[in-house]
Amino acid sequence: MPGVTVRAAFAAAMRDFSEPALGVAVSGGGDSIALLRIAGDWAADRGIRLAAVTVDHGLRPEAAQEAAFVAETCAALRVAHDTLHWGGWDGRGNLQAQARAARYRLIADWAGARGIGVVALAHTCDDQAETFLMRLARQAGVDGLSAMADRRMGDVRFMRPLLSVSRAALRDELQALGQGWVEDPSNTDVRYDRVRMRQQLDGLSDLGITLGALSAVAHNLSQAQEALNWAAHGFALQHVRMNGPDVMIDRAAFLALPVELQRRVMVHTLKWLTGADYAPRRQSVADVLDAAQGLRPATLHGGRMTHRKDTLYLFREYAAVADMRAAPGQVWDRRYCLSGPEGGHVAALGQVGLDALPNWRDMGRPAAAVMADPAIWQDGRLLAAPVSDMADGWHIDWAPGRTDYHSALLTH
Numbered sequence: 001m002p003g004v005t006v007r008a009a010f011a012a013a014m015r016d017f018s019e020p021a022l023g024v025a026v027s028g029g030g031d032s033i034a035l036l037r038i039a040g041d042w043a044a045d046r047g048i049r050l051a052a053v054t055v056d057h058g059l060r061p062e063a064a065q066e067a068a069f070v071a072e073t074c075a076a077l078r079v080a081h082d083t084l085h086w087g088g089w090d091g092r093g094n095l096q097a098q099a100r101a102a103r104y105r106l107i108a109d110w111a112g113a114r115g116i117g118v119v120a121l122a123h124t125c126d127d128q129a130e131t132f133l134m135r136l137a138r139q140a141g142v143d144g145l146s147a148m149a150d151r152r153m154g155d156v157r158f159m160r161p162l163l164s165v166s167r168a169a170l171r172d173e174l175q176a177l178g179q180g181w182v183e184d185p186s187n188t189d190v191r192y193d194r195v196r197m198r199q200q201l202d203g204l205s206d207l208g209i210t211l212g213a214l215s216a217v218a219h220n221l222s223q224a225q226e227a228l229n230w231a232a233h234g235f236a237l238q239h240v241r242m243n244g245p246d247v248m249i250d251r252a253a254f255l256a257l258p259v260e261l262q263r264r265v266m267v268h269t270l271k272w273l274t275g276a277d278y279a280p281r282r283q284s285v286a287d288v289l290d291a292a293q294g295l296r297p298a299t300l301h302g303g304r305m306t307h308r309k310d311t312l313y314l315f316r317e318y319a320a321v322a323d324m325r326a327a328p329g330q331v332w333d334r335r336y337c338l339s340g341p342e343g344g345h346v347a348a349l350g351q352v353g354l355d356a357l358p359n360w361r362d363m364g365r366p367a368a369a370v371m372a373d374p375a376i377w378q379d380g381r382l383l384a385a386p387v388s389d390m391a392d393g394w395h396i397d398w399a400p401g402r403t404d405y406h407s408a409l410l411t412h
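To convert, note that position 408 of the sequence shown is 408 in the numbering used here; the numbers rise steadily by one, no gaps.
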C-alpha cells in the first residue's frame, strides 16, 4: 500500500475517534484530495460514514470547476459530497478573514444538518510552519505561535489529522495512487504573506530551521499554552464570579498576577462575553490591562469593563448588540437561544425594555449591562426578558457548543 507512513500518521491522529461519521473539507487541491483518499480508506475499513464538502466562495472563475472536479472525484470513490456557496463579501474589510470565517460557518452548519460531529481539515506541517513564521513576523505571543489546534463551532469540531505530514509526502501519496488534483493559482501569488513565507522556507532549512523544527517549536509552545490555561483556570475558580451573564473579577488578585496571566484571563473574559472566535489585538488588550490598573473604565471587542468596589466588572456592550435580531429558536449574539410561545423576535432589551422592568436593580447589575440582555419583542412591546426573571413562558439557553465561563478556559 503506498504511503504507509502518511496513512499511519493519519491513523495515529484519529486513534481516539469514536463518531459514526466523519466530514472532510475538500477544495480540490493536493492536500485535501490526499485527505479525501486517506480518510476514505480509513473510514471504509472501520464502517464509518464519510461525507465531503467543498465551499465555493465565488471569488475566482476557476472555483466552480474545482468544485465540480471534487464532486466527480467523490462520485468515483462513492463518497457523499456537497458544494456550498458563499456570496457574502461586500467589498469591505479583510476578504481573506471574512472568507475563512464564512467557510467555517458554512461547513459547521452543513455538518450539523447531516449529523456529523467532526470535520477533518487538510492542514499539513507546511501550513504549520508558514503560519508560525507569519505570526512571528507579527510579534505574536504564546497563543499565536502555538501549534494549530482543533477548534469547535457549536457542536462541530474541526480537527487537523495531517498536521505532522508534509505537503510533499501527500503529493507522493497521490502520485502513487495515480490520483490527480488541481492547483490553486493563488498558491504562487506573492501578494499573499503565506506564499512569501513558503518561498523563504527552503533558505531557512540551510540554517537548520526546517519544517520539522518549526513544527516542533509550535508543539512545544502548545504545551506551554496548556500550562498557562490551567493556571488561568485555577485563578478563575478562586477569584472570578458570575452575576447573571456578567463577569466579576477580584481586582487585587487579578493585578497580582503575572502580566501574561492577566492578559489570558482578560482575553478569555472578552471572548466569552461576546462569543468572538478571535482575541483582540495584543496592544488593545494591554490598554485594557492598563485601565484595570488605573481604575479606569474601558471598552474593547464588544465588551465593557467598569469598577465596583474591589471588583473588575465586565459585561456585554449594548452598542454591539443594539441592531441584532433573531427569530425564537435561533442563536442570538452567538451566545443565546430563546424559545417559548409563538410570535415575537429576539432583540436587545435596550432603554425601552429597561424602563419596563421596575425591579431590574434587584439583580445588582449596571443598567448598561442589563440593556444588552436578550429579550422578546412584538410590535414594539416587551413580551419577556428571561435574564431578568421576566420569563412569561420563555426559556433561555446557551447556544450549542457554548460552555460555562470557567470550563471554557480549558476547552477553547
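Every residue gets a Cβ at the ideal spot worked out from N, C-alpha and C, and that includes glycine.
Would DSSP call Pro424 helix, strand or coil?
There is no way to answer for residue 424, as the model of the chain reaches only from 1 to 412.
Which two residues bound the contiguous alpha helix (DSSP H) that contains Asn229?
Membership of Asn229 in the alpha helix (DSSP H) is indicated by the continuous run 211-239.
Which residues in the same chain have their Cβ closer than 6 angstroms to the Cβ of Leu221, if we skip the five residues on either side of it in sequence?
Val142, Leu145, Ser146
From the DSSP output, in three-state form, read off Asp82 for me.
strand
Identify whether Trp377 lies in helix, strand or coil by the three-state DSSP scheme.
strand
Between Ala9 and Ser164, how many whole angstroms is the CB-CB distance? I'm expecting something under 8 angstroms.
5 angstroms
In this structure, does DSSP put Pro2 in helix, strand or coil?
Its pLDDT being 46, under 50, Pro2 is placed unreliably by the model, and the measurement read from it follows with that caveat. Coil.
I need the straight-line Cα distance from Ala356 to Gly329, nearest angstrom please.
Between the alpha carbons of Ala356 and Gly329 lies a gap of roughly 24 angstroms.
Just the C-alpha distance for Met248 and Asp41, rounded to the nearest angstrom, thanks.
51 angstroms
Taking buried to mean at least 16 other C-beta atoms within 10 Å of its own C-beta, is Gln262 buried or exposed?
With a threshold of 16 other beta carbon atoms within 10 Å, Gln262 meets it and is buried.
Taking the alpha helix (DSSP H) that Ile48 falls in, what are its first and last residues?
In the DSSP assignment, Ile48 falls outside any alpha helix (DSSP H), carrying neither H nor E.
On the criterion of 16 or more Cβ atoms from any shown chain inside 10 Å, does Thr188 qualify as buried, or is it exposed?
exposed
Pick from Arg103, Gly275, Leu300, Val119: whose alpha carbon is nearest that of Arg282?
Leu300
CB Val24 to CB Ala39, shorter than 8 angstroms?
yes
Does DSSP classify Val142 as helix, strand or coil?
helix
Measure from the alpha carbon of Asp155 to the alpha carbon of each residue in Val182, Ser32, Asp109, Gln238, then state which is nearest.
Asp109
Under 8 angstroms Cβ to Cβ from Trp86, same chain only, skipping five residues before and after it: list those, please.
Val55, Asp56, His57, Gly58, Ala99, Ala102, Arg103, Leu106
Across which residues does DSSP place Phe158 in a beta bridge pair?
Val119, Arg151
What are the start and end residues of each continuous alpha helix (DSSP H) run of 4 or more residues lying completely inside the segment 249-301, in chain order?
251-255, 259-274, 282-293
Looking only at its own chain, which residues have a Cβ that is under 6 angstroms from the Cβ of Ala291, when we skip the five neighbours before and after it?
Ala298
Do the segment 252-262 and the segment 170-181 touch if we need at least three Cβ pairs shorter than 8 angstroms?
no
Cα separation between Ala97 and Tyr278?
11 angstroms
By a C-beta neighbour count over all protein chains shown, 10 Å radius and 16 as the cutoff for buried, is Met1 buried or exposed?
The predicted model places Met1 with a pLDDT of 42, which falls under 50 and marks its position as unreliable; any figure quoted below should be read in that light. Result: exposed.
Pair every Cβ in the segment 45-54 with every Cβ in the segment 71-83, then say whether three or more of these pairs are closer than 8 angstroms.
yes
Short check: CB of Thr306 to CB of Pro366, under 8 angstroms?
yes
Please work out which residues of its chain come closer than 8 angstroms, Cβ to Cβ, to Arg196, disregarding the five sequence neighbours upstream and downstream, and give them in chain order.
The residues Val190, in chain order, have a CB closer than 8 angstroms to that of Arg196 in the same chain once the five nearest residues on each side in sequence are set aside.
Less than 8 angstroms separating the beta-carbons of Gln351 and Met371?
yes
Over the uninterrupted beta strand (DSSP E) stretch that includes Arg316, give me the two end residues.
311-316
Starting from Ile396, follow its DSSP beta bridges and name the residues at the other end.
Leu338
Considering just the uninterrupted stretch of the beta strand (DSSP E) at Thr306, what are its terminal residues?
303-308
Exposed or buried, which one is Gly393 when buried takes at least 16 other CB atoms within 10 Å?
exposed
For Phe69, which residues from the same chain have a beta carbon less than 7 angstroms from its beta carbon, with the 5 sequence-adjacent residues on both sides left out?
Gly28, Val182
Please check the pair Arg336 and Trp272, which I expect to be a contact at CB under 8 angstroms, by giving their CB distance rounded to whole angstroms.
Checking the sequence, you will find Tyr at residue 336 rather than Arg. The Cβ separation is near 13 angstroms, so there is no contact.
Tell me the rounded alpha-carbon separation between Arg160 and Arg308.
Each residue's alpha carbon lies about 44 angstroms from the other.
In chain order, what residues of the same chain lie with their CB nearer than 6 angstroms to the CB of Val240, ignoring the 5 residues before and after it?
Ile249
Pick from Ala63, Arg135, Leu409, Arg152: whose alpha carbon is nearest that of Arg194?
Arg135
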